[in-house]
Amino acid sequence: MTYTISSRQLDSKIPGGPLEDKWENHKFSIRLVNPNNKRKFKIIVVGTGLAGASAAATLGELGYNVEVFTFHDSPRRAHSIAAQGGINAAKNYHNDGDSVFRLFYDTIKGGDYRSREANVYRLADVSLNIIDQCTAQGVPFAREYGGYLDNRSFGGAQVSRTFYARGQTGQQLLLGAYQALLRQVAAGTVKLHRRTEMLDLVVKDGRAVGIVTRDLISGEIRSHSAHAVVLATGGYANVFFLSTNAMASNVTAAWRAHRRGAAFANPCFTQIHPTCIPQSDEFQSKLTLMSESLRNDGRIWVPKRADDNRPPDQIPEEDRDYYLERMYPAFGNLVPRDVASRAAKRMVDAGKGVGPLKNGVYLDFSHAIERLGIDVIADRYGNLFEMYERITDENPYKVPMRIYPAPHYTMGGLWVDYNLMTTIPGLYALGEANFSDHGANRLGASALMQGLADGYFILPYTIGDYLADFLGDPVVPTDDPAFREVEDEVRGRISGYLNTGGTRSVDWFHRELGKILWDHCGMSRNEEGLKKALAEIPALYEEFKRDVRVLGTNESLNQSLEKAGRVDDFFELAQLMCLDALHREESAGGHFREEYQTEEGEALRRDDLFAYVAAWEWTGNPQAPALIKEPLEFEYVTPSTRSYK
Amino acid sequence: MGGPDRKDELVATEERRRDPWFVDFYRSAVGKKWVMALSGIVLLGYLVAHMIGNLKVFLPAVDGVPELDLYAQALRSLLFPIAPHGVVLWILRVGLIIAFLLHVHAAYSLTIMNRRARPVDYAGPRQYLAANYASRTMRWSGVIVILFVIFHLADLTWGIQPAAPDSWEHGQVYANFIATFSRPWVTAFYVLAQLALAPHIFHGAWSMFQSMGVNHPRFNRWRRYFAVALTAVIVVPNVIMPLSVLLGFVGA
Amino acid sequence: MNITLQVWRQESADRPGRFVTYQVTDIEPDMSFLEMLDVLNERLIAQGEEPIAFDHDCREGICGSCGVMIDGLPHGPQLGTATCQLHMRKFRDGDTIVVEPWRAAAFPVIKDLVVDRSAFDKIIEAGGYISVDTGSAPDANLIPVPKEVADTAFDAAACIGCGACVAACPNGAANLFTAAKVAHLNLLPQGQAERWRRTEAMVETMEQYFGSCTNHGECEKACPKGISIDFIAMMNRDYAKAKVKNRRLLSQSN
Ligand SMILES: Cc1cc2nc3c(=O)[nH]c(=O)nc-3n(C[C@H](O)[C@H](O)[C@H](O)COP(=O)(O)OP(=O)(O)OC[C@H]3O[C@@H](n4cnc5c(N)ncnc54)[C@H](O)[C@@H]3O)c2cc1C
Ligand code: FES
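Residue numbers (this note's numbering), protein chains in the order written: chain A, 73 to 717; chain B, 299 to 550; chain C, 150 to 403.
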């Protein structure tokens with residue numbers, strides 16, 4: 073697999089002026105649509121997670137004619153529901169020195185200087201409005217006894233700026249957005265399509281004009297036409313098969329858009345979360361995240377000797393290796409996600425893993441219990457301990473927890489400009505589906521913030537600028553050849569899966585693909601491994617095309633068929649991820665290239681060569697994409713090396 | 299995708315408001331549950347009063363007239379002379395009948411609604427964790443109560459044989475009482491009916507708090523205790539009285 | 150472990166369904182119930198038989214997608230646990246386990262164990278929100294909410310919309326689902342402006358699809374989030390008040 077350098081230039085449309093004024097100025101200078109004309113514009117929103125639901129609700133409130141699609145049985149089931157920890161906002165309610173600029177700074181630094189200053193500043197800026205909006209909707213954020221909002225602190229920040237609703241912040245925020253969305257459905261401004269999956273994008277004369285969907289119950293393939301299409305379809309961490317994402321999360325919508333011309337940026341920037349429950353058997357389908365906050369009191373260790381099979385309570389102190397405390401005396405167990413994850417992998421690779429499958433490290437609370445008492449620990453982590461016990465049947469008050477890193481979030485995604493428009497005019501991408509704000513690594517509690525910023529406060533303004541050109545133009549009719557062709561392609565793909573008549577299930581291929589990717593494009597990567605993956609994946613993909621077995625028909629609910637299409641797209645994405653990882657000869661955030669590390673084994677960024685966004689263009693040949701570089705300039709923060717020693 | 303059908307005889311909230319308040323309120327199931335609770339309170343109040351009045355069978359006669367007959371007399375002359383004889387009693391009776399009819403009608407229509415809400419039952423066996431014998435047999439205990447009331451009226455109010463004893467005579471409340479319960483099968487029937495009534499009262503007395511939203515974390519436990527106590531207060535004397543007659547403790 | 154599964158198989162809404170018996174051998178006690186179904190499905194595919202359809206997504210007990218009747222109990226024998234969080238160690242080697250879909254007129258079966266729960270969305274559409282357009286909110290700390298109130302509102306808001314309450318209710322009623330949302334919003338100061346309108350509309354919409362509550366309390370036991378039927382009492386109270394207040398408000402506006 074090779075790539076070419078595209079001749080195209082990307083215009084990120086970043087407004088001029090000082091950082092603080094860019095968004096205000098931009099809002100003033102872009103065109104608006106008159107309130108009475110809004111209903112003449114039809115907008116398709118795909119996805120009802122935080123980004124999609126908030127965007128669709130807000131566009132509906134503004135008076136646009138919105139159609140929203142989700143493959144779930146209700147908008148409330150989107151993957152966003154599972155977010156636990158919280159959402160950041162620079163409210164500075166606790167007077168601890170927080171500010172919009174500090175949140176901006178932390179996010180740029182946390183992203184290892186691979187994101188755009190202007191976007192991140194705007195994100196920090198609108199974070200204030202998000203909390204106001206959600207509170208007014210009735211989101212039951214945690215409160216102090218005085219009745220005011222409580223905050224907690226999260227990794228990567230020295231201030232307390234994370235708003236939370238017990239361990240279910242994502243659920244409560246999503247329900248707020250879902251309720252706002254259903255209010256618009258009831259008001260008739262938004263039409264909701266449940267259990268309907270977008271299978272392709274329709275582009276005519278270079279503009280996005282609609283989508284083709286499959287009704288997951290009847291199998292009907294249908295075209296939907298609009299003046300603009302908004303994708304808020306989430307991240308692609310499930311390409312690894314085992315991840316903390318919901319089972320149905322997938323890349324199809326974004327990938328199909330990519331194949332129709334939308335550039336895909338930084339696919340190799342994926343985040344591995346250090347504290348997940350290790351896999352317990354071959355058949356496991358999903359990994360469960362345990363809140364990062366556990367690292368505040370738990371101590372991480374492995375036996376010093378490889379293949380030490382004694383139960384943890386029989387391993388004396390002198391035979392234990394508290395490796396994070398040893399390697400990073402200053403930060404100890406609280407090093408950032410990527411550092412903690414890589415260290416755990418090194419231990420397990422060295423044969424020091426614990427648990428029946430030797431695939432975890434201990435997270436031990438016995439010292440904390442001795443020091444603080446069992447009640448304090450129960451108060452802080454009771455519900456997490458309970459969840460852990462429910463899954464593993466082990467009592468963390470008595471036996472150390474076992475944890476291991478797992479794929480969790482994808483910073484990469486569809487390339488968008490400052491208006492959140494992709495390289496296809498009329499096609500927008502929001503939330504985890506775009507690449508915009510987190511650079512090479514996302515800070516905790518910032519994904520929810522970004523999804524809601526995009527959906528509530530950014531897209532509803534910026535989309536008007538595009539639509540203004542088309543006032544009075546009807547949408548392209550769905551019997552236009554542009555739609556017909558895409559529909560035929562979609563039908564062809566479906567009958568292809570059903571008629572392959574192979575021997576292996578879709579899940580089998582997905583699991584194999586995940587293994588390759590995890591081994592070679594996971595927590596740490598090197599040239600040799602990536603090249604190996606780039607040889608193995610196409611071979612497996614060929615086998616998939618030849619040997620996949622999808623039973624049943626198109627004309628009824630068919631979950632294997634749904635998966636087949638998603639895994640098919642994962643195969644292509646996986647190759648681009650490996651290529652992107654191979655081309656980026658530096659280590660940055662979640663992308664760790666073994667060849668590029670400091671003497672102490674830390675990530676070595678190469679700002680002179682790689683301070684750019686890698687946006688990949690589809691050339692028609694999955695083996696030969698074209699690269700467009702969007703250079704990143706830092707005017708307000710100076711890139712420096714992170715150190716946690 | 300169509301989704302489930304809604305029941306078309308129900309109309310939108312705005313249209314419903316054109317109807318009189320009670321009709322509108324009663325149309326909803328929550329409203330019906332309120333009506334069941336309120337009429338239940340009336341019926342329970344009546345049961346308590348009725349039971350206390352009947353306890354007078356244990357009192358000695360005054361000047362040869364049984365206390366119970368005097369009491370019956372007194373009921374008929376309530377508020378006399380302001381109101382003519384019997385009128386107040388009839389007003390109370392009408393109130394009671396209305397409460398009874400509403401209670402039964404509400405129960406009936408909710409049953410229909412609930413049947414329709416689950417037209418296809420579980421094919422496998424079901425387990426229940428909270429629903430108890432009382433709550434699940436409300437319909438049947440209710441039907442038994444209706445049958446019992448009809449018998450009871452025929453027996454002691456209307457004097458229709460064979461429910462009433464051969465010696466039944468209008469106004470001779472005490473004598474009729476003794477005569478009817480001297481027949482073992484009648485006493486047995488009354489006792490059984492009371493036992494069927496017990497779970498009905500128990501679930502109803504607890505349930506009415508819930509239906510009317512009378513709840514408070516601190517007192518929620520007491521709602522159960524109250525229900526048990528009220529059931530005992532009504533049922534125990536009602537069982538003792540006929541048995542006392544049959545066993546010859548009274549009226550011998 | 151080896152178990153015998155009796156699973157409801159139904160091709161589509163308009164076809165009759167039936168129980169099919171499967172022997173599932175060699176499964177691990179540490180598997181979740183859904184992973185056991187995954188394994189069975191893999192084996193079915195290998196044999197050329199269409200896999201069993203069931204709804205699931207997060208597998209963390211939060212999205213509310215999963216949910217089947219297991220041995221006559223919604224979400225199975227472990228209280229406070231969604232189907233996806235139930236593990237095979239709760240069963241014994243050699244057990245026979247009966248699995249069937251939720252049953253209610255409002256939840257028609259789509260296929261096998263999958264039902265259509267969109268009637269829940271209809272209830273929310275009727276008023277399960279606070280009408281605040283994006284951008285019109287005041288500063289979040291302008292309205293203090295007593296911690297106790299916020300906590301109780303949260304207890305109600307924890308509902309995941311799985312439908313176990315309806316499945317458990319002998320009457321197929323959705324009062325716990327509806328009451329949880331009514332209580333969440335009616336308790337908060339932000340929710341007061343629409344309190345009476347919301348209660349009336351949500352209750353009456355609920356009754357267009359579901360049965361009525363006769364206070365069995367079965368829903369509370371089935372709820373994977375342990376939501377209390379006290380919220381139903383609260384809704385009943387607010388409904389009666391709403392019926393009076395809304396008429397008064399209406400007569401004022403005319
Ligand atoms: C376990 C876990 C915990 C997390 N905790 C936090 C946290 O504490 N703080 C934080 O900030 N972030 C957290 N995150 C990250 C955060 O939850 C996600 O990044 C964010 O919710 C993504 O939102 P979204 O709206 O972009 O997409 P999603 O919520 O993934 O929604 C995608 C939507 O698109 C629809 N869709 C997708 N493809 C199609 C298609 N082809 N056709 C039709 N519909 C489609 C889906 O139905 C769905 O509605 C966490 C993530 C995980 C996995
Ligand atoms: S799969 Fe999400 S709650 Fe069970």
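Cβ atoms here follow ideal geometry from the backbone N, Cα and C, with glycine treated the same way.
None of these values were measured; they are calculated from a predicted model.
Asked	Found
What does the alpha-carbon distance come out to for the pair Pro610(A) and Phe664(A)?	23 Å
Taking the alpha carbon of Lys635(A) as the point to measure from, which residue in Tyr708(A), Leu288(A), Glu442(A) has its own alpha carbon closest?	Leu288(A)
Pull up the distance between the alpha-carbon of Asp406(C) and that of Gly523(A), whole angstroms please.	The structure shown does not extend to residue 406(C), since chain C spans only 150 to 403, so no value can be given for it.
Is DSSP giving Asp306(B) helix, strand or coil here?	A caution first: Asp306(B) carries a pLDDT of 48, below 50, which makes its placement in the model unreliable, though a value can still be read off. Note: Asp306(B) maps to coil in three-state DSSP.
Which one or two residues does DSSP pair with Asp436(A) in a beta bridge?	Arg371(A)
Taking any Cβ of chain C, which residues in the region 236–252 of chain A have a Cβ under 9 Å from it, in chain order?	Ala237, Arg238, Gln240, Gly242, Gln243, Gln244, Leu247, Gly248, Tyr250, Gln251, Ala252
Just to check my reading of the structure: Ala196(A) and Phe176(A) have Cβ atoms closer than 8 Å, yes? What is that Cβ distance to the nearest angstrom?	4 Å
Compare the C-beta of Val418(B) against all C-beta atoms of chain C and say whether one is closer than 8 Å.	yes
Three-state secondary structure (DSSP) at Leu131(A)?	helix
Can you name the residues of chain C whose CB is closer than 7 Å to the CB of Tyr538(A)?	Residues of chain C passing the Cβ test: none, with the nearest at roughly 19 Å.
So the beta strand (DSSP E) Arg158(C) belongs to, where does it begin and stop?	152–158
May I ask you to list the residues that DSSP assigns as paired with Ala698(A)?	Thr76(A), Glu689(A)
To be precise: take each residue of the region 315–334 of chain B, compare its Cβ to all Cβ atoms of chain C, and keep it if any distance is under 8 Å. Which residues remain?	Arg315, Trp319, Asp322, Phe323, Ser326, Ala327, Val328, Gly329, Lys330, Lys331, Trp332
Compute the Euclidean distance between the alpha carbons of Ala415(A) and Tyr395(A), then round it to the nearest angstrom.	8 Å
To be precise: take each residue of the region 317–335 of chain C, compare its Cβ to all Cβ atoms of chain A, and keep it if any distance is under 8 Å. Which residues remain?	His333, Leu334
When you compare the CB positions of Gly306(A) and His151(A), do they come within less than 8 Å of one another, or not?	yes
Restricting to Cα atoms, I'd like to know which of Asn338(A), Leu361(A), Arg328(A) is closest to Ile61(A).	Outside the shown range of chain A (73 to 717) lies residue 61(A), about which nothing can therefore be said.
Go to Ser295(A), then tell me how far its beta strand (DSSP E) extends in each direction, as first and last residue.	293–297
Within the 8 Å Cβ cut-off, does Leu222(C) reach chain B?	yes
In chain order, what residues of the same chain have a beta carbon less than 8 Å from the beta carbon of Gly300(B), not counting five sequence neighbours either side?	Because the pLDDT at Gly300(B) is just 47, under 50, the model does not fix this residue reliably, and the value given afterwards should be weighed accordingly. Correct list: empty, nothing qualifies.
Report yes or no: is there a C-beta of chain B within less than 8 Å of the C-beta of Cys215(C)?	no
With a cut-off of 8 Å, does the C-beta of Cys212(C) fall near any C-beta of chain B?	no
First and last residue of the beta strand (DSSP E) that includes Ala280(A)?	279–287
Report the residues of the region 208–236 of chain A with a CB closer than 9 Å to any CB of chain C, ordered along the chain.	Ala208, Gln209, Gly210, Val211, Pro212, Phe213, Ala214, Arg215, Glu216, Tyr217, Gly218, Gly219, Tyr220, Leu221, Asp222, Phe235
Residue ranges of each alpha helix (DSSP H) run of no fewer than 4 residues wholly in the region 180–232 of chain A, ordered along the chain?	189–209
From this set, Ile446(A), Pro553(A), Lys430(A), which residue's C-alpha is nearest Phe437(A)'s C-alpha?	Ile446(A)
Cβ-heavy atom distance between Thr232(C) and ligand 4 below 7 Å?	Ligand 4 is absent from the structure shown, which contains only ligand 1 and ligand 2.
Please specify which runs of the beta strand (DSSP E), each continuous and at least 3 residues long, are wholly inside the region 464–490 of chain A, giving them in chain order.	473–482
Chain C partners of Ser356(A), CB-CB under 7 Å?	The sequence as given places Gln at residue 356(A); Ser does not occur at that position. Glu184, listed in chain order.
What separation, rounded to the nearest whole angstrom, lies between the Cα atoms of Met521(A) and Val140(A)?	21 Å
Just to confirm, is the Cβ distance from Phe213(A) to Gly661(A) under 8 Å?	no
Ignore the nearest five residues each way along the sequence and tell me which others in Glu702(A)'s own chain have a CB closer than 7 Å to its CB.	Leu82, Ser84, Tyr684, Val685, Ala687
What is the C-beta distance between Val211(A) and Gly248(A), in whole angstroms, given that I count them as a contact (C-beta under 8 Å)?	5 Å
Evaluate Asn108(A) with the Cβ neighbour count: other Cβ atoms within 10 Å of its Cβ, from every protein chain shown; 16 or more gives buried, anything less gives exposed.	exposed
If we define contact as Cβ-Cβ less than 8 Å, is Ala306(C) a contact residue for chain B?	no
Between Cys314(C) and chain B, is there a C-beta pair that is closer than 8 Å?	no
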